[in-house]
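Right, one structure below, let's go through it.
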Amino acid sequence: MKHSRIGAARLKWVAMESVDEQQYQAHLRSVAAQWEQALEAAGFAAAIVAAGVPQRHLFDDLEAFFRPNPHFALWFPHRGCVGAALLFAPGRRPKLYFHRPEDYWHLPPDLPDWAAAHFELAVFADSEQLEEALRRDAKRLRTAFIGARAPASLDAELNPASLVNRLHHQRAWKTDFEVACLRQAMASGVAGHLAARDAYYDGGSEFDILSAYLSASKQTEADLPYPCIVGLDEHAAVLHYQHYARSRPPGSRVLLIDAGASCRGYGCDITRTWATPEAGAFAELINALDEQQRGLIDTIEPGLHYVELHLAMHRRLCELLRRFGLVKCSAAAAFEQGVSQTFMPHGLGHLLGLQTHDVGGWQSSPQGDEAPPPKGHETLRLTRSIEAGMVFTVEPGLYFIPMLLRELRTQPGGAEVNWPLVESLTPCGGVRIEDNVLVTADGASNLTRAAFAQAQRTA
Ligand code: GLY
Ligand code: MN
Ligand code: MN
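This is the structure in structure tokens:
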């Protein structure tokens, strides 16, 4: 009875972190099969994957938030893993070397209940002993070390490209377990977005909106997959706006919020733009972009190239520019002159998973060949052909960015622009609508809209 409060808190934590055993097992089987193939192709007998340790700030004794090596998180999706490592040698049970130091400054990590069913386990209080055990177990195996730096005592090749390229390429396809994690992250993120919208309509500042988002999505800053972007009015035109103004500008008309949430390391990446009735034509622009974004997602199917989707988005944007009278020429002429690139200077989207911008977006082969984006579209992070099982974002935007507009004025396309209208909309900043989709056998499942619909049903 003496420890009942602590016991209850611990149980709740464990329940939150519990995993669907069957799904996780199937995930591990699939990861093991991929790694076995990749090791064989790259000529290695084993891989050691290190979770890593937090990075210290310069001349400081404080550390940045810890992010585990994503290749480690793929095997062991549990945030309490500082200093841990995993040895995978085909034919042997994967072995987890868990680091649990004696510490009274911090709460040492605990192994989750589910770990024992899937790994051979060894727990070490001392990191040198952990390293020594790794050295012993990997002896005489040609070993690749996947991590920030390999300890000198280990005879292993650090991040060999022949292996890492294959591992990166493969991460684009998600297992059912990974999709379930993303769905769970999405539910938290959507709860946050709905609260953020309400905080905006209640008169909140950027800081108030951020606080509402964190509270409703039940996250601390350290839990976030990326820093929240909360921009009112002109700040919506700063693509990765990083501040949180404590006061709200008088007469605010627009909120752009790009914020995610994570579950077992998998993060969603959602953007919504909200306007007040005073926003006028800009509010219509938000609705029109939302419609175009959904239309674009409807065209997704395996075999389509993501570059084609990106270019189709630019064609749709040019139609919007024409329809709203922002350009005087035809949509086709605006596209030919690259006018939409001023209004939408980032890529349509990126792979999503353990990293917000998941690796391998330009990789055209497991061996590491790369397909860079077409000229003029260098910021596009995904150039692969779309295949079932991939998860990526679709995030068109339309912004009034003074720096880019100034450039456009000097270019031939600038003559086609309705500058007075552009100037009148510039104080509204911009709009972005970002959803996360899972490619299916014959289309795409919109994980983000499904989570919003679910939240509405249960409201
Ligand atoms: N939140 C960053 C992005 O949308 O890519
Ligand atoms: Mn994104
Ligand atoms: Mn985003």
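Sequential numbering of the sequence shown, starting at 6, is according to our numbering. Even glycine gets a Cβ: it sits at the ideal position worked out from N, Cα and C.
Put simply, the backbone Cα of Thr388 is about 5 Å away from that of Val312. Ligand 3 approaches Asp263 closely enough that one of its heavy atoms is under 7 Å from the residue's Cβ. Exposure of Thr304 is indicated by the presence of fewer than 16 other C-beta atoms within 10 angstroms of its C-beta.
His198 counts as buried, since no fewer than 16 other beta carbons sit within 10 angstroms of its beta carbon. Under the DSSP assignment, Ile302 falls in the alpha helix (DSSP H) whose first and last residues are 286 to 303. Relative to ligand 1, the beta carbon of Thr384 is positioned no closer than 7 Å to any heavy atom.
For His83, no beta strand (DSSP E) encloses it, and the DSSP letter there is neither H nor E. Arg141 and Val54 have their C-alpha atoms some 15 Å from each other. With fewer than 16 other beta carbons inside 10 angstroms of its own, His248 counts as exposed. Excluding sequence positions up to five before and after Arg171, its CB lies within less than 6 Å of the CB of Ala43, Pro371, all in the same chain and listed in chain order. Around the Cβ of Tyr206, a 10 Å sphere holds fewer than 16 other Cβ atoms; the residue is exposed. Partner residues in a beta bridge of Glu313, as assigned by DSSP, do not exist. Spanning the alpha carbons of Asp213 and Ser252 requires a straight line of approximately 9 Å.
Rounded to whole angstroms, Pro75 and Ala242 show a C-alpha spacing of 31 Å.
Residue pairing by DSSP places Ile438 opposite no residue, since no beta bridge is assigned to it. The C-beta separation of Ala52 from Val87 comes to about 20 Å, leaving the pair out of contact by the 8 Å criterion. Bounds of the beta strand (DSSP E) holding Ala90 are 90 to 93.
When rounded, the separation of the alpha-carbon atoms in Cys273 and Glu41 is 29 Å. If you draw a straight line from the Cα of His245 to the Cα of Ala264, it is about 11 Å long.
Thr463 sits exposed, since fewer than 16 C-beta atoms from the chains shown fall within 10 Å of its C-beta. For Tyr102, no alpha helix (DSSP H) run applies; the uninterrupted beta strand (DSSP E) run containing it begins and ends at 100 to 104, by DSSP. In the three-state reduction of the DSSP assignment, Cys268 falls in the strand class, which pools E and B. Taken through DSSP and simplified to helix, strand or coil, Leu261 comes out as strand. In this structure, the CA atom of Ala50 is about 47 Å from the CA atom of Met349. Look at Tyr218: its beta carbon is at least 7 Å from all of the heavy atoms in ligand 1. If you ignore the 5 residues before and after Leu410, its C-beta comes within less than 7 Å of the C-beta of Thr347, Val427, all in its own chain and listed in chain order. Bounds of the alpha helix (DSSP H) holding Gly197 are 181 to 206. Using a cutoff of 7 Å, the CB of Gly236 does not count as near ligand 2, since none of the ligand's heavy atoms is closer than that. Exclusion of Asp295 from the 7 Å shell around ligand 3 follows from its C-beta lying no nearer than that to any non-hydrogen atom of the ligand. Ranked by how close their Cα comes to the Cα of Cys186, the residues Thr445, Asn441, Leu215, Asp447 have Asn441 in first place. Under the 8 Å Cβ criterion, the segment 108 to 124 does not count as touching the segment 388 to 406, having fewer than three qualifying pairs. Within the DSSP secondary-structure output, Val332 pairs in a beta bridge with Val422. In this structure His62 is exposed. Its beta-carbon is surrounded by fewer than 16 other beta-carbon atoms within 10 angstroms. Taking 8 Å as the cut-off, the beta carbon of Leu168 is found closer than this to the beta carbon of Ala149. Taking a C-beta distance under 8 Å as the contact criterion, Lys100 and Glu133 do not qualify as a contact pair.
Looking only at Gly435, Gly194, Asp238, the smallest Cα-Cα distance to Ser222 is reached by Gly194.
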